[in-house]
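Counting from 1 along the sequence shown, just add 2 to a position and that's the residue number in our numbering.
Down below is the structure, laid out as structure tokens.
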Amino acid sequence: METDETFETLFPRNADRRVAVRVFWSGDEEKPQTAKTAVCGTGGDLTRGGVSYVVSRLRRPFPSDRYFFITVCLDKRRARLREPDFTLLVRAFNRARARHPFYLTAWVFLPDHWHCICAPRYPVTVSLAIKSVKQSSTSAINQFRGAEGELWQPRFFDRALRTVAEYNEKVAYIHLNPVRAGLVAEPEDWRWSSFHEYAGLKAEEQEVRCGLIIDRVRMSAGSETRI
3 METDETFETL FPRNADRRVA VRVFWSGDEE KPQTAKTAVC GTGGDLTRGG VSYVVSRLRR
63 PFPSDRYFFI TVCLDKRRAR LREPDFTLLV RAFNRARARH PFYLTAWVFL PDHWHCICAP
123 RYPVTVSLAI KSVKQSSTSA INQFRGAEGE LWQPRFFDRA LRTVAEYNEK VAYIHLNPVR
183 AGLVAEPEDW RWSSFHEYAG LKAEEQEVRC GLIIDRVRMS AGSETRI
């Protein structure tokens, strides 16, 4: 049975502005390792010296049932992504989630890379989930462009998120990416991200807006709580 609650959280761009974000949990779905909520972050830059990435080919003890901050970069020889390519990337994400279930709780697409926060559901691993997105999007975008070859750089980068605070920092970083890149003045001006759902947009409205919906899951309010 599906239920919903309203949580008051900090707006990721402005710590002085508060918004209500509707989140839900479907009891028919399998929970991740701990209870979580896709909450808005409190904004600010990444801490601890910036991004500390882990190369995807390294062995890790827990490749499933936890949250990963992901970066995938466009192959430097390929033309930058445009609106039609973003639409095909959305479809690739939706196909990958249907074939290899994983939670998607934040995302942004930019012309030369994309970020997301995902939680693969066992036995799906983070490598399998991202490989599926990359392969599906490469095939679709190459066909659309009449091109061949690799679209993305061979390796992707991931970081296992350990606390609610770290999770919220990465969400804020994701949503501010288009602003930092000089593409827009405000996060809400960029169509291709999960920002609008975090700001209160309903899932069905996000579906119409861009086609890629986050999984709204519960998370502890304690910033130092481990996830």
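We put the beta carbon where it would ideally sit given N, CA and C, even for glycine.
These numbers were taken from a predicted model, which means no experiment stands behind them.
Output the distance between the C-alpha atoms of residue i and residue j, rounded to the nearest integer angstrom.
i, j, result
"Tyr105", "Arg82", "27 Å"
"Ile143", "Ser134", "14 Å"
"His102", "Leu214", "16 Å"
"Trp109", "Ala149", "26 Å"
"Ala40", "Glu209", "Only weak support is given to the placement of Ala40: the predicted model assigns it a pLDDT of 37, under 50, and the value that follows is read from those uncertain coordinates. The alpha-carbon atoms of Ala40 and Glu209 are separated by roughly 17 Å."
"Ala223", "Asp217", "18 Å"
"Glu171", "Ser196", "15 Å"
"Arg161", "Phe71", "5 Å"
"Arg123", "Arg220", "16 Å"
"Glu226", "Thr165", "6 Å"
"Gly184", "Arg99", "30 Å"
"Ala174", "Leu153", "27 Å"
"Leu130", "Ala94", "14 Å"
"His117", "Thr127", "17 Å"
Enumerate in chain order the residues of its own chain whose CB-to-CB distance from residue i is below 7 Å, with the five nearest sequence positions on each side excluded.
i, result
"Pro86", "Phe146"
"Thr36", "With a pLDDT of 34 at Thr36, under the threshold of 50, the predicted position of this residue should be treated as unreliable, and no value is reported."
"Trp194", "Phe88, Val110, Phe111 and Cys212"
"Asp47", "Because the pLDDT of Asp47 is 29, which lies under 50, any placement of that residue in the model is unreliable, and the question is left without a value."
"Pro113", "Arg82 and Leu83"
CB-CB under 6 Å to residue i, same chain, minus the five flanking residues each way: which ones, in chain order?
i, result
"Trp192", "Pro180 and Val186"
Considering residue i, what are the terminal residues of the alpha helix (DSSP H) in which it resides?
i, result
"Phe197", "Phe197 to Tyr200"
"Ala205", "Ala205 to Arg211"
Thinking C-alpha only, which one of the options is nearest residue i?
i, options, result
"Thr89", "Arg220, Thr227 and Ser139", "Ser139"
"Asn96", "Ala201, Asp160, Ile132 and His198", "Ile132"
Give me, in chain order, the residues of the same chain whose beta-carbon lies closer than 8 Å to that of residue i; leave out the 5 immediate sequence neighbours on both sides.
i, result
"His115", "Thr73, Val74, Cys75 and Leu76"
"Ile119", "Tyr69, Phe70, Phe71, Ile72, Leu106, Thr107, Ala108, Trp109, Leu163, Tyr169, Lys172, Val173 and Ile176"
From what residue to what residue does the beta strand (DSSP E) around residue i run?
i, result
"Ile174", "Correcting the residue identity first, residue 174 is Ala in this sequence and not Ile. Here Ala174 belongs to no beta strand (DSSP E); instead the alpha helix (DSSP H) covers Val166 to Arg182."
"Ala162", "Phe159 to Ala162"
For the region 74 to 127, which segments carrying the beta strand (DSSP E) assignment without a break, of at least 3 residues, lie completely within its bounds, in sequence order?
-> 104 to 111 and 115 to 122
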